[in-house]
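Structure first, commentary second.
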Amino acid sequence: VVGMAQWAAKFGKPELADQLAKEAARINAVLPKTAQADLLPLLSDIGHLYQSVGNHKSAIDLFKKVMAGREAALGESNILVANDAQVVATALQQIGKDKEAVHFWYKMLLVYEVNYGGNGRELIVPLVSLANAHNKTDRRWQAEPFFRRAHGIITNEFGANSLEQLPVLEALAQFYVDLETHPKALEVLKNIRKVSESNFGKESLKFAQTELMLGELSSNAGDLPSAINHFEHVLEIHLRHFPPDHPEIEIDRMNIKAVQELMQEQEEYKQGSRTSKELDADLRSGGTSERSFATKPPHHKDSLTNLAALGPKGPGWSAATPASKGAATPPKPSSRAGTPGVRSGATSGVASPSGVSSPGGRRSGVASPRHSE
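Just so we're on the same page, my numbering is the position in the sequence shown counted from 1, plus 4.
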């Protein structure tokens with residue numbers, strides 16, 4: 005019955021495959037318990053069939069039974085138990101049950117620690133997956149130590165400037181920006197900058213992306229001179245890759261001008277030539293659209309998928325391949341009070357680690373600089 009179900013799934017008949025999988029599970033349920041234990045691999049196949057046809061609930065229920073059976077027959081630390089936990093956790097997240105998925109990612113991590121030690125590269129997948137699941141719950145701050153630990157293992161395994169660490173660094177930067185812990189986000193972005201420079205060069209579009217993000221975060225943190233330096237470097241790089249009338253160039257110049265104007269307004273206020281009320285009025289009338297990171301970096305999901313290759317099979321992946329993006333018109337100013345400044349463009353031709361989108365597209369990046377009296 006399982007064999008027929010597998011063929012049905014292979015030939016694009018998910019409803020038939022689902023029906024046959026249920027029949028196989030029904031037959032197994034009435035067998036003696038000793039026979040059920042012998043058929044655990046077969047039950048696992050049925051669970052994968054459920055997954056392949058989108059019946060996640062049935063897959064979860066069955067794999068929980070398979071995992072319990074393997075724990076009883078093979079021991080709680082058997083590597084097959086970790087594999088079952090991974091399937092259950094993945095299926096739970098596919099139906100939005102991230103909080104419950106945390107338990108099974110943690111189970112996978114514990115089994116891996118027993119089998120591979122506390123610092124093996126195999127731990128990267130459960131660590132990042134556990135952090136990602138925590139990050140989607142109401143206790144998202146618990147994700148940080150797992151991101152940090154995964155990053156430490158990667159740098160030990162592949163080197164301080166290895167390209168393999170970019171997916172985790174990008175996820176960690178995203179995490180800090182979402183929590184509005186900008187100093188830590190700046191720290192991680194500077195690390196991304198170092199890795200990008202080492203692997204792509206200081207004149208690459210990938211490096212320009214990191215400079216753009218650093219400029220935005222520096223602006224938001226009130227470090228306007230640093231923001232200017234980062235934005236000017238972005239402009240220099242873009243001028244090497246794009247014609248002078250390219251939308252990216254226009255956006256770069258708008259970024260620089262916005263920060264320069266803010267610096268001038270702050271200086272006038274310090275000198276007493278403008279009152280607080282006048283400055284606030286100008287900021288309200290001249291504000292631009294608020295900036296925030298996208299929900300996920302464009303290749304974040306793929307990067308986590310690629311991390312699976314760092315498991316027992318060893319490394320077999322690299323950071324996401326640059327993807328081409330088209331340019332659109334620049335974003336329109338917003339009247340939102342107190343959010344003057346930086347406009348966001350894309351670093352065309354590269355997949356952004358921070359979610360920077362093409363002008364006029366999905367808002368991303370970091371909130372525009374805020375004025376502090």
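For every residue, glycine included, the Cβ atom is placed at its ideal position computed from N, Cα and C.
Since this is a predicted model, take the numbers as computed values, not measurements.
Legend entry - Enclosing alpha helix (DSSP H) for Ile99 [first to last residue]: Where Ile99 is concerned, there is no enclosing alpha helix (DSSP H), given that its DSSP letter is neither H nor E.
Inset, instruction - Closer than 8 Å by C-beta to Leu173: which residues in its own chain qualify, once you throw out the five before and the five after it? Chain order, please. - result: His155, Val192, Asn195, Ile196, Val199 and Pro357
Inset, instruction - Apply the 10 Å Cβ neighbour rule to Ala12 and answer buried if 16 or more other Cβ atoms are within range, or exposed otherwise. - result: buried
Legend entry - C-alpha distance - Val57 paired with Asn82, whole-angstrom precision: 28 Å
Inset, instruction - Taking Ile128 as the reference, give the member of Glu168, Phe108 and His107 with the closest Cα. - result: Glu168
Inset, instruction - Can you tell me which of the three DSSP states Thr378 falls into? - result: Outside the shown range of the chain, which is 5 to 377, sits residue 378, and nothing can be said about it.
Legend entry - Span separating the alpha-carbon of Asp22 from that of Ala33: Near 17 Å, if we compare the C-alpha coordinates of Ala33 and Asp22.
Inset, instruction - Could you have a look at Ala25 and say whether DSSP puts it in helix, strand or coil? - result: helix
Legend entry - Exposed unless 16 or more other CB atoms sit within 10 angstroms - verdict on Ile99: exposed
Inset, instruction - Go through the stretch 133 to 171 residue by residue and report every complete run of the alpha helix (DSSP H) that reaches 4 residues or more, in order. - result: Taking only runs of at least 4 residues, the alpha helix (DSSP H) segments lying wholly in the stretch 133 to 171 are 148 to 162.
Legend entry - Where Pro248 falls: helix, strand or coil (DSSP): DSSP places Pro248 outside both helix and strand once states are collapsed to three, so it counts as coil.
Inset, instruction - Have a look at Gly122 and Ile232 and give me their C-alpha separation to the nearest angstrom. - result: 43 Å
Inset, instruction - Note the first and the last residue of the continuous alpha helix (DSSP H) segment covering Val70. - result: His60 to Leu78
Legend entry - Identity of the residue in Leu131, Phe179 and Gly124 nearest Phe162 by Cα: Gly124
Legend entry - Between the CA atoms of Ala93 and His107 - distance to the nearest angstrom: 8 Å
Legend entry - Nearest-angstrom Cα separation, counted from Ile31 out to Pro171: 44 Å
Legend entry - Start and end residues, alpha helix (DSSP H) containing Gly51: Leu44 to Ser56
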